[in-house]
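Residue numbers (the working numbering): 9 to 89. Reviewing the structure listed below.
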């Protein structure tokens with residue numbers, strides 16, 4: 009089984025709510041989600057987030073939500089943790 013994990017935290021500093029900012033009529037986070045859903049070899053798509061609006065987009069598109077704990081939501085947390 010192959011999975012895609014998309015990381016999208018809510019706490020953006022430079023552009024507030026950039027992951028749900030509308031670009032081309034869709035929230036920005038919708039583009040990597042759609043790419044993962046369209047990928048032939050991906051069986052399941054997860055989105056790791058701490059944001060309700062990001063989770064809503066992911067859920068509506070068919071992603072499974074992984075809720076990030078607060079200690080993994082800071083500016084200096086990398087994807088490896």
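Note that the Cβ used here is the ideal one computed from N, Cα and C, for glycine as well.
What are the boundary residues of the beta strand (DSSP E) that includes residue i?
i, result
"residue 14", "11-15"
"residue 73", "72-75"
"residue 65", "Not the beta strand (DSSP E): residue 65 falls in the alpha helix (DSSP H), residues 60-69."
My assumption, with CB atoms under 8 Å, is that residue i sits in contact with residue j. Please give the rounded CB distance.
i, j, result
"residue 62", "residue 18", "6 Å"
"residue 78", "residue 52", "Not confirmed; about 25 Å, so no contact."
Check this for me: beta carbons of residue i and residue j, under 8 Å apart or not?
i, j, result
"residue 16", "residue 50", "no"
"residue 14", "residue 35", "no"
"residue 60", "residue 76", "no"
Taking DSSP as the reference, what is the three-state secondary structure of residue i?
i, result
"residue 31", "strand"
Identify the continuous alpha helix (DSSP H) that holds residue i and give its terminal residues.
i, result
"residue 41", "38-46"
Quick check: the region 66-74 against the region 19-27, are there 3 or more CB pairs under 8 Å?
Under the Cβ criterion (8 Å, minimum of three pairs), the region 66-74 does not count as touching the region 19-27.
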